[in-house]
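K.L.:
Numbering (the working numbering), first residue to last: 346 to 566. Can you read through this structure? Questions will come right after.
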Amino acid sequence: MPDIWLAVVEDDPPLRDALESLLTAAGFKVLSFASAEALIDARPHLSVLNCAVVDLRLPGMDGLALQEWLSREFPSVGTVIITAHGDIKMAVAAIKAGAVDFIEKPFDPTLLLDSIYEAVDRRGQHPIGRHDQALVREQLSRLTEREREIMDLMLAGHTNKAIGLRLSISHRTVESHRSRVMEKMEVRNLAALIHLMLDAKVSLYRGTVVRQFAAPVTLPI
């Protein structure tokens with residue numbers, strides 16, 4: 346099996362070291378960087394990369410800008426974004442710009458590994474394509490009006506708390522609706538839902554067609 350090369354871009358030294366240790370132990374080859382600029386400076390050595398794990402909040406160039414740079418300069422490199430709870434809107438923007446997944450801190454390392462494998466696999470696949478718009482529309486038709494309302498707010502990057510306040514419903518009710526949205530759309534998380542809509546070239550809002558879309562291990566946080 347060929348080596349899988351990862352870049353870790355994290356400005357917090359303890360977390361960066363912990364990620365490097367975790368990923369090396371999992372069998373990956375790891376290049377670590379303390380900033381986006383440090384990764385860009387290493388461009389001559391990046392042709393081996395399969396995936397980048399990038400913290401959204403970085404000094405200087407932030408993770409969103411770095412992800413956009415990677416998508417443009419190294420389109421075969423999948424990006425997984427690490428984000429704090431309050432950065433969901435930026436994480437959603439990163440997914441729309443080409444990131445494969447995002448994970449909120451604190452996270453289960455098993456979920457991170459799953460996302461990395463998905464990022465590596467996904468970069469070798471073709472988009473779903475227009476012929477599957479009918480399938481996505483059929484899935485959308487399963488949603489109740491309230492579920493679709495909540496899904497639209499999820500896709501806009503609102504947290505469960507913000508959705509609850511906006512709709513005057515409890516956090517538990519939001520979670521229940523969110524779970525049913527995921528089940529009916531047959532996806533495992535918000536990142537997968539965004540990819541489903543984008544890959545089928547269905548707008549993220551109200552299903553209109555668009556023309557084109559560009560036991561957990563404890564880690565320090």
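Note that the Cβ used here is the ideal one computed from N, Cα and C, for glycine as well. Predicted model only: the values in this text are computed from it and were never measured.
By a C-beta neighbour count over all protein chains shown, 10 Å radius and 16 as the cutoff for buried, is residue 387 buried or exposed?
P.N.:
In the sequence shown, residue 387 corresponds to position 42, counting from 1. Classification of residue 387: exposed, given that the 10 Å Cβ count is below 16.
K.L.:
So, residue 404 versus residue 380, is the Cβ gap smaller than 7 Å?
P.N.:
The residue given as residue 404 occupies position 59 in the sequence shown. The residue given as residue 380 occupies position 35 in the sequence shown. For residue 404 and residue 380, yes; Cβs fall inside 7 Å.
K.L.:
Along the beta strand (DSSP E) that carries residue 377, what are the first and last residues, could you check?
P.N.:
Translated into positions along the sequence shown, residue 377 becomes position 32. Its beta strand (DSSP E) spans residues 374-378.
K.L.:
Take the Cβ of residue 460 as the centre, count every other Cβ of all protein chains shown within 10 Å, and call the residue buried at 16 or more, exposed below.
P.N.:
As a working mapping, residue 460 is identified with position 115 in the sequence shown. Looking at its Cβ environment, which holds 16 or more other Cβ atoms inside 10 Å, residue 460 is buried.
K.L.:
From which residue to which residue does the alpha helix (DSSP H) around residue 351 run?
P.N.:
For the purposes of this step, residue 351 is taken as the residue at position 6 of the sequence shown. Where residue 351 is concerned, there is no enclosing alpha helix (DSSP H), although the beta strand (DSSP E) it sits in stretches over 350-354.
K.L.:
Counting only the same chain and skipping the five closest in sequence on each side, list residues whose C-beta sits under 8 Å from that of residue 533.
P.N.:
Locating residue 533 in the sequence shown gives position 188, counting from the first residue. Its chain contains 527 as the residues whose beta carbon lies nearer than 8 Å to that of residue 533, once the 5 sequence neighbours on both sides are disregarded; these appear in chain order.
K.L.:
Look up residue 394 in the DSSP assignment and give the residues it is bridged to.
P.N.:
Start at 1 with the first residue of the sequence shown, and residue 394 comes out as number 49. 350.
K.L.:
What number of angstroms, rounded off, separates the C-alpha of residue 492 from the C-alpha of residue 449?
P.N.:
What you label residue 492 is simply residue 147 of the sequence shown in a count that begins at 1. What you label residue 449 is simply residue 104 of the sequence shown in a count that begins at 1. C-alpha separation (whole angstroms): 23 Å.
K.L.:
Quick one: residues in its chain with C-beta nearer than 6 Å to the C-beta of residue 480, no 5 flanking neighbours on either side, listed in chain order?
P.N.:
Taking the first residue of the sequence shown as position 1, residue 480 is located at position 135. Closer than 6 Å at the Cβ level, and outside the excluded window around residue 480, lies no residue.
K.L.:
Can you tell me which residues form a DSSP beta bridge with residue 452?
P.N.:
Stepping through the sequence shown from its first residue, residue 452 is reached at position 107. Looking at the DSSP assignment, residue 452 forms no beta bridge with any residue, so it has no partner.
K.L.:
Taking the continuous beta strand (DSSP E) assigned at residue 425, which residues delimit it?
P.N.:
In the sequence shown, the residue the question calls residue 425 occupies position 80. Element bounds for residue 425: 423-428.
K.L.:
Between the Cα of residue 447 and the Cα atoms of 418, 400 and 489, which residue gives the shortest distance?
P.N.:
Within the sequence shown, numbered from 1, the residue matching residue 447 stands at position 102. The residue with the shortest Cα to Cα distance from residue 447 is 400.
K.L.:
With distances taken from CA atoms, which of 443, 437, 407 and 432 is nearest residue 422?
P.N.:
Locating residue 422 in the sequence shown gives position 77, where the first residue counts as 1. Here the closest residue by C-alpha is 443.
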